[in-house]
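Reading through the structure tokens given below for one structure.
Residue numbers (this note's numbering), protein chains in the order written: chain Y, 1270 to 1564; chain A, 1270 to 1564.
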């Protein structure tokens, strides 16, 4: 399949921030012939139509999946496996199925374990974009532009589905990175899940009286602590081991700062700070991530 | 002195981001008859004139201070005491002297200990505004608009100087909060210095390969780690004990998250997250900080 071909009818399961933004981008870019939203709450789905996120909606899985050429599951990570399995009950034999979950190991192995041969049409995906504000009201057609989407194809994936998943996410404006589910989860534990944990820990630790005297450092440092408790509890639990390791690495860095400050060693404090800065600039200078890039 | 009176000739010692922004605001708002920049590096001072941050410059302390009605010292925290003491060697007997240091305890006690009777004309101040990008090039005339400026007047401060310091900072667009130097340092340790430390610890802990897969959470969470190593080493050292306490409080929060995640307790993880969120919203709802507000 060439990238310029239509994706046909796309079914989006879960039309919140991510699902709604996918729908808006598909419609704005003319990538699909029809965008169907599938969910449980009719009033939210109706709102998604009003906002231009989807062409139509249904609460009936059979109705949505039986006519879809592509399906993207945008529900919370704890629901994705069962949603994908349900999709395969009704989907056409040629349909490509992908998801947008922030964790990949548990999802991909769950689908492999439950979907039988259908699993070859599932391509795990994680478009790295979002907001601390959930819901279709905050959807944006440009949410995925110039963002990375990680695909985690595993052994039984058929070539056709993989090519269509690449075309799907690339069509939304993403550049594609491919790696294993396990590697994805390790990297995202450090780069996304840890920053969420420390934002909340900062919020939790500040004395109420100090907040009126805060400025940009505190505001930016706690921004993502406003994210949904349900969503993030699910992500943390689905990525427990890699996240615990990332936190341990982070705590070790914090401890080396504390040691330097306790002993009041100017040079050590400064070098600690400079080392952190250098890591940021080194990494910005590296144009190629070490994972496999398909672009 | 009424707030609408001219501040007269203002000398700014140290024309970087903060000093430059003060000069721009004074000039844009017509608050001073003359804004004189004092520093050591002529090329930087010349650039400050070009950028409209100051009317003129000198590298001679006597020349700047002997004609100033107000002096604001905007050098790094480790230099402020000696700069204030030097200022008193040349300043007029009526001149009001203030500073913009991010730490107040060591500075105020240093001035009290070194300046003799002149200390009554010094009003410690901390306008809570800044940027991770230093230097006069990044100065902005609106940097202080709608920001809080903390004043830490101590016993020998004369009424006239205090009123003029209030008028000075209020004139730049700040609302004024007054408290003790020690209380300031405790509150800022949690609300500003700690967020800087954890931003750098996050930057230091991330594997290089994970950075291409980061998005807003990591970017915002590490933004202030780009701040000057020299400036921040000085701030951390000048506020060691309160900062160590703030870090310990923060580490305890992080540890309680780790315990909940280790035992995979969904309810505990979620409640930890909700408690952090609640702290942010509670504090936003509180309109009055518990410190004394003069507004």
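Each residue gets a CB set at the ideal place from its N, CA and C atoms; glycine is no exception.
None of the values given here were measured: they were computed from a predicted structure.
Please determine, among the options, the residue with the shortest C-alpha to C-alpha distance to residue i.
| i | options | result |
| --- | --- | --- |
| residue 1284 of chain Y | Y:1275, Y:1327, Y:1277 and Y:1274 | Y:1327 |
| residue 1339 of chain Y | Y:1290, Y:1278, Y:1501 and Y:1527 | Y:1278 |
| residue 1426 of chain A | A:1384, A:1399 and A:1320 | A:1384 |
| residue 1296 of chain A | A:1450, A:1502, A:1321 and A:1435 | A:1321 |
| residue 1482 of chain Y | A:1508, A:1402, A:1419 and A:1323 | A:1419 |
| residue 1533 of chain A | Y:1506, Y:1533, Y:1526 and Y:1350 | Y:1506 |
| residue 1438 of chain Y | Y:1378, Y:1302, Y:1316 and Y:1294 | Y:1294 |
| residue 1453 of chain Y | Y:1391, Y:1417 and Y:1485 | Y:1417 |
| residue 1282 of chain Y | Y:1460, Y:1354 and Y:1274 | Y:1354 |
| residue 1307 of chain A | A:1330, A:1318, A:1316 and A:1286 | A:1330 |
| residue 1489 of chain A | Y:1394, Y:1500, Y:1311 and Y:1460 | Y:1460 |
| residue 1332 of chain A | A:1356, A:1345 and A:1275 | A:1356 |
| residue 1540 of chain Y | A:1498, A:1276, A:1410 and A:1391 | A:1498 |
Can you tell me where the alpha helix (DSSP H) with residue i in it begins and where it stops?
| i | result |
| --- | --- |
| residue 1567 of chain Y | The first residue shown for chain Y is 1270 and the last is 1564, placing residue 1567 of chain Y beyond what the model contains. |
| residue 1352 of chain A | 1346-1359 |
| residue 1493 of chain A | It is not in any alpha helix (DSSP H) - residue 1493 of chain A carries neither H nor E in the DSSP assignment. |
| residue 1368 of chain Y | That residue, residue 1368 of chain Y, is in no alpha helix (DSSP H); its beta strand (DSSP E) goes 1365-1368. |
| residue 1426 of chain Y | Segment: none, residue 1426 of chain Y is in no alpha helix (DSSP H) and carries neither H nor E. |
| residue 1401 of chain A | No alpha helix (DSSP H) contains residue 1401 of chain A, which DSSP labels as neither H nor E. |
| residue 1296 of chain A | 1286-1297 |
| residue 1450 of chain Y | 1450-1457 |
Quick one: what's residue i bridged to in DSSP?
| i | result |
| --- | --- |
| residue 1326 of chain Y | Y:1306 |
| residue 1395 of chain Y | Y:1419 |
| residue 1281 of chain Y | Y:1306 and Y:1341 |
| residue 1550 of chain A | According to DSSP, residue 1550 of chain A bridges with nothing at all. |
| residue 1444 of chain A | A:1417 |
Using the rule of at least 16 other Cβ atoms within 10 Å of the residue's Cβ for burial, across every protein chain shown, is residue i buried or exposed?
| i | result |
| --- | --- |
| residue 1429 of chain Y | exposed |
| residue 1564 of chain Y | With a pLDDT of 36 at residue 1564 of chain Y, under the threshold of 50, the predicted position of this residue should be treated as unreliable, and no value is reported. |
| residue 1362 of chain A | exposed |
| residue 1347 of chain A | buried |
| residue 1557 of chain A | Residue confidence is low: residue 1557 of chain A scores 43 on pLDDT, short of 50, so the model does not pin down where it sits. No coordinate-derived value is stated. |
| residue 1292 of chain A | buried |
| residue 1547 of chain A | exposed |
| residue 1299 of chain Y | exposed |
| residue 1342 of chain Y | buried |
| residue 1421 of chain Y | buried |
| residue 1280 of chain Y | buried |
| residue 1290 of chain Y | buried |
| residue 1382 of chain Y | exposed |
| residue 1561 of chain A | Residue placement at residue 1561 of chain A is poorly supported in this model, since its pLDDT is 45, which falls under 50; the coordinates still yield a value, given next. Answer is exposed; the Cβ neighbour count stays below 16. |
| residue 1433 of chain Y | buried |
| residue 1517 of chain A | exposed |
| residue 1435 of chain A | buried |
| residue 1369 of chain A | buried |
| residue 1387 of chain Y | buried |
DSSP state of residue i, grouped into three classes?
| i | result |
| --- | --- |
| residue 1275 of chain A | coil |
| residue 1312 of chain A | helix |
| residue 1539 of chain A | helix |
| residue 1332 of chain A | helix |
| residue 1525 of chain A | helix |
| residue 1372 of chain Y | coil |
| residue 1507 of chain Y | helix |
| residue 1412 of chain Y | coil |
| residue 1483 of chain Y | coil |
| residue 1321 of chain A | coil |
| residue 1384 of chain Y | coil |
| residue 1563 of chain A | Any reading at residue 1563 of chain A needs caution, since the residue's pLDDT is 43, under 50, leaving its predicted position unreliable; the model's value is listed next. If DSSP states are grouped into helix, strand and coil, residue 1563 of chain A belongs with the strands. |
| residue 1515 of chain A | helix |
| residue 1534 of chain Y | coil |
| residue 1434 of chain A | helix |
| residue 1545 of chain A | helix |
| residue 1362 of chain Y | coil |
| residue 1300 of chain Y | coil |
Going by the C-beta, is residue i closer than 7 Å to any heavy atom of the ligand HEM?
| i | result |
| --- | --- |
| residue 1443 of chain Y | Among the components of this structure there are no ligands whatsoever, and the ligand HEM is therefore not found. |
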